[in-house]
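Peer 1: Encoded as structure tokens, here's the structure I'll be asking about.
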Amino acid sequence: MSTQKPSAKARRSAARLAAVQALYQIEQSGTPLDKVITEFARHRFGEPIEGEAMVEPDAPLFGEIVRGTRIRSAEVDALVSGALDAQFSLARLDVLLRCVMQAGAWELLASVHVPAPIVISEYVNVTRAFFGGKEPAMVNAVLDRIARERRPGETSAG
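For the sequence shown, the working numbering gives the first residue as -17, with consecutive numbering after it.
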């Protein structure tokens, strides 16, 4: 029986998804940052969900996203708020949707080695894992606006 090891790309994608889940847990429960990171690493990584095997997340990337998003929350929230359409406010967004946007904004801000289109695509895919409506398009628009401002030249109309 051969077990194929997940690609680095798949592990990074899984880290982004897990980071959004951890940020959501922190937001909902108020559990301290390091406790949530440790809990995910010890008890959730690699565990099947609804009987389906899950890709083991890239643990260092997971930790960077969760820590970075929380530590730089004021800056991240300002970026997201500034990129939202006028009829939306950060506080009124669905908590999970807000967590997706915050993680994506942090990664655009801090992970300059990852091309902006990849960051945007990854978080649109994370959004699709949780939402079936217009939310993926909204995340795409918000992160694209942030990328155009923070990383001019990396987006198609940059």
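Backbone N, C-alpha and C fix where the C-beta goes; we use that ideal spot for every residue, glycine too.
Which ranges would you report for the alpha helix (DSSP H) in the stretch 55 to 112 if only whole runs of at least 4 residues count?
Peer 2: List check, alpha helix (DSSP H) in window: 55 to 65, 77 to 92 and 98 to 112.
Peer 1: Give the range of the alpha helix (DSSP H) segment to which serine -5 is assigned.
Peer 2: Taken as a continuous stretch (DSSP letters only), the alpha helix (DSSP H) holding serine -5 covers -10 to 11.
Peer 1: Measure the C-alpha to C-alpha separation of alanine 111 and alanine 56 and round it to an integer number of angstroms.
Peer 2: Those two C-alpha atoms are separated by around 26 Å.
Peer 1: Rounded to the nearest angstrom, what separates glutamine 3 and leucine 72 at their Cα positions?
Peer 2: Going from the Cα of glutamine 3 to the Cα of leucine 72 covers about 18 Å.
Peer 1: For the stretch 42 to 52 and the stretch 65 to 79, state whether three or more C-beta atom pairs, one from each stretch, are separated by less than 8 Å.
Peer 2: Cβ pair count under 8 Å is below three, so no.
Peer 1: Nearest to arginine 132 by alpha carbon, out of Glu117, Ile8, Trp88 and Gln10?
Peer 2: Selected option, being the one with the closest Cα: Trp88.
Peer 1: By the DSSP assignment, the alpha helix (DSSP H) with proline 185 in it spans what residues?
Peer 2: Any answer about residue 185 is impossible in this case: the structure gives the chain only from -17 up to 140.
Peer 1: Measure from the alpha carbon of alanine 0 to the alpha carbon of each residue in Glu117, Gly115, Glu136 and Thr109, then state which is nearest.
Peer 2: When only C-alpha atoms are compared, the closest one is Thr109.
Peer 1: Among Pro(-12), Tyr6, Ala(-3) and His25, which residue has its Cα nearest to the Cα of valine 101?
Peer 2: Looking at the Cα atoms, Ala(-3) is the closest of the given residues.
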